[in-house]
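*Asks:*
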Amino acid sequence: MSSAAPSPFSWRSIILPVYLPTLVFSIGEGAMIPVIPLVATDRGASLALAGLVAALVMVGELLGDLPAGWVVARIGERPAMIGAAMLAVIGVLLALGVQEVWALGVGVVLLGLAAAVFGLARHAFLTSYAPVRVRARALSTLGGVFRAGWAVGPFVAAAIIAWTGSNEAVFWVLVAASFAVVGVLVLLPDPERVFGAARVAREASVSAAPVTDASGRPLTAGEAEAAQESSASVFRAIRDHRGVLARIGTGVGLLAALRASRTVVLPLWSVSIGMPPEQAAIVIGISGTLDFAMFYVSGQIMDRFGRLWSAIPGLVGMAVGHIALAFTHDLPEAAAWFTVLAVWLGLANGVTSGIIMTLGADLAPKQNPAPFLGAFRTIADVGSAGAPLAISAITSIVSIMAANVVIGVLGLVGAAMLWRWVPRYVPHQRRR
1 MSSAAPSPFS WRSIILPVYL PTLVFSIGEG AMIPVIPLVA TDRGASLALA
51 GLVAALVMVG ELLGDLPAGW VVARIGERPA MIGAAMLAVI GVLLALGVQE
101 VWALGVGVVL LGLAAAVFGL ARHAFLTSYA PVRVRARALS TLGGVFRAGW
151 AVGPFVAAAI IAWTGSNEAV FWVLVAASFA VVGVLVLLPD PERVFGAARV
201 AREASVSAAP VTDASGRPLT AGEAEAAQES SASVFRAIRD HRGVLARIGT
251 GVGLLAALRA SRTVVLPLWS VSIGMPPEQA AIVIGISGTL DFAMFYVSGQ
301 IMDRFGRLWS AIPGLVGMAV GHIALAFTHD LPEAAAWFTV LAVWLGLANG
351 VTSGIIMTLG ADLAPKQNPA PFLGAFRTIA DVGSAGAPLA ISAITSIVSI
401 MAANVVIGVL GLVGAAMLWR WVPRYVPHQR RR
């Protein structure tokens, strides 16, 4: 047994360098994303095409995950995030400068690419720095910070729309947020240098302990050396961890699909039932606020009781919420039902705050987590990208109500998969 002392960890030490840039960037995202379908319809897109354009955020994230793992491992977290912020600015300026639906779509893809790099950089850092005893809380707090931005953003969007009468004016919030992120990253010390000694100590401690695979089986010296080498390549990480990626990754992908469908369905649903844009933005903002409020509770649940106690209730709750929403479209009180179920979906999603990042951190090689995390996040983002595309296709062929039912059923399937595989690969150990 290793006698190395655990690396020091301080919540205060990570607030400014880790959480503040995430909050600022997320406020810009949270303001822009709900109005993307509205801008698309303003430019002549149908309801189904508007859903497709909104889904391109997730497509961009999916396309960016594997390159993000390589970029972050290659140039470091801070340069990668600065580049991501500038890429987001380019995407917004393109969407504003060319008044065509295709230009909006390209700009949204660039935003997704930027979000992929930004999110993976923070995920990789906390995977290496946060000790296991507080890992779920550190990562659920990161998820909570993302949610805080997404909760504040729609309220900012509603105020700007009410003030200017223009949906496109909201896009400038993301431009301002991106430049603010660059300012924060340049002015504050680089967290990779500040916490470099702690990371080295932690990696030394990990390397001194017996190395195991994802199921807990001790590896031989040759297998351990091969695993460490393979972690340096994203594609080798996919090959060597294909079992856990196929099993837990698929369940996580379905969880991500439920989350992404919520962000697309709620704006589309408000358009479909004729709710005023500023009123819909407020409802979505309330849903996001409740989602955000659950982040630390989710981390406490995972650290104390295990990962399943966050994943299963959240997945089942979101699945039931989607299915229930499908039966309210033509009711006289459709707007009231929309409000109630948006709140329900916010609470259900909040219970899962940080679960995807925490499972990824639990399973990632500790010496160099970024390549594995890139692969793991790619699978999650397949669900994030696929669900909105499926919603768009089903809406155009059948109806938005049918799309909700299909997504809800997939959520129940995801809950069953995680119930089956998480205890095998991530057995819960009670913390003292």
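The sequence shown: position 339 = 339 (the numbering used here), numbered continuously. The C-beta atom is built at its ideal place from N, Cα and C for all residues, glycine as well. Model, not experiment: these values are computed from the prediction.
Can you look up F118 in the DSSP assignment and give me helix, strand or coil?
*Replies:* helix
*Asks:* Figure out for me which residue from L96, V283, A80, V422 has the closest Cα to the Cα of I248.
*Replies:* Considering only alpha carbons, the answer is V422.
*Asks:* In terms of residues, what are the limits of the alpha helix (DSSP H) holding V373?
*Replies:* Looking at the sequence provided, one finds Leu at residue 373 rather than Val. DSSP places L373 in the uninterrupted alpha helix (DSSP H) bounded by 369–397.
*Asks:* Can you list, in chain order, the residues of its chain whose CB lies under 6 Å from that of M463, leaving out five sequence neighbours each side?
*Replies:* Coverage of the chain is limited to positions 1 through 432, which leaves residue 463 absent and any answer about it impossible.
*Asks:* Return the residue from the list M302, G119, M81, A162 that minimises the CA-CA distance to R377.
*Replies:* Ranking M302, G119, M81, A162 by CA distance to the CA of R377 puts G119 first.
*Asks:* In terms of residue numbering, what span does the alpha helix (DSSP H) encompassing N61 cover?
*Replies:* Note on identity: in this sequence residue 61 is Glu, with Asn being the wrong assignment. Taken as a continuous stretch (DSSP letters only), the alpha helix (DSSP H) holding E61 covers 47–75.
*Asks:* How would you label S46, buried or exposed, when you count the other beta carbons within 10 angstroms and need 16 or more for buried?
*Replies:* exposed
*Asks:* Considering only residues of the same chain and omitting the five flanking positions on each side of A319, which have a CB-CB separation below 6 Å?
*Replies:* G408, G411, L412
*Asks:* Hey, G253 and A380 are a contact pair by Cβ (cut 8 Å); roughly how many whole angstroms apart?
*Replies:* 6 Å
*Asks:* Just checking, does the region 348–362 make contact with the region 133–145 on the three C-beta pairs under 8 Å criterion?
*Replies:* yes
*Asks:* In chain order, what residues of the same chain lie with their CB nearer than 8 Å to the CB of V173, ignoring the 5 residues before and after it?
*Replies:* I27, G28, A31, M32, G153, V156, A157, I160
*Asks:* Can you name, in chain order, every residue of its own chain whose Cβ lies under 7 Å from the Cβ of A73, other than the five neighbours on each side?
*Replies:* N368, A370, P371
*Asks:* Among the candidates V265, Y19, F292, G51, whose CA atom is the shortest distance from the CA of V405?
*Replies:* The shortest Cα separation from V405 among V265, Y19, F292, G51 belongs to V265.
*Asks:* Helix, strand or coil: how does DSSP classify H322 here?
*Replies:* Looking at H322 - three-state DSSP - the assignment turns out to be helix.
*Asks:* For L20, does the three-state DSSP call read helix, strand or coil?
*Replies:* helix
*Asks:* Under DSSP, the alpha helix (DSSP H) around R137 begins and ends at which residues?
*Replies:* 135–164
*Asks:* Going by beta-carbon coordinates alone, are L49 and V98 separated by less than 8 Å?
*Replies:* no
*Asks:* Am I right that F171 and A95 are in contact with their C-beta atoms under 8 Å? What's the rounded C-beta distance?
*Replies:* Contact between F171 and A95 holds: their C-beta atoms lie close to 6 Å from each other, under 8 Å.
*Asks:* Give a yes or no on contact between the region 116–130 and the region 273–290, applying the rule of three or more CB pairs nearer than 8 Å.
*Replies:* no
*Asks:* Helix, strand or coil: how does DSSP classify P79 here?
*Replies:* helix
*Asks:* Using only the alpha-carbon positions, how far apart do M81 and A68 sit?
*Replies:* 10 Å
*Asks:* Quick one: grab the DSSP three-state call for F179.
*Replies:* helix
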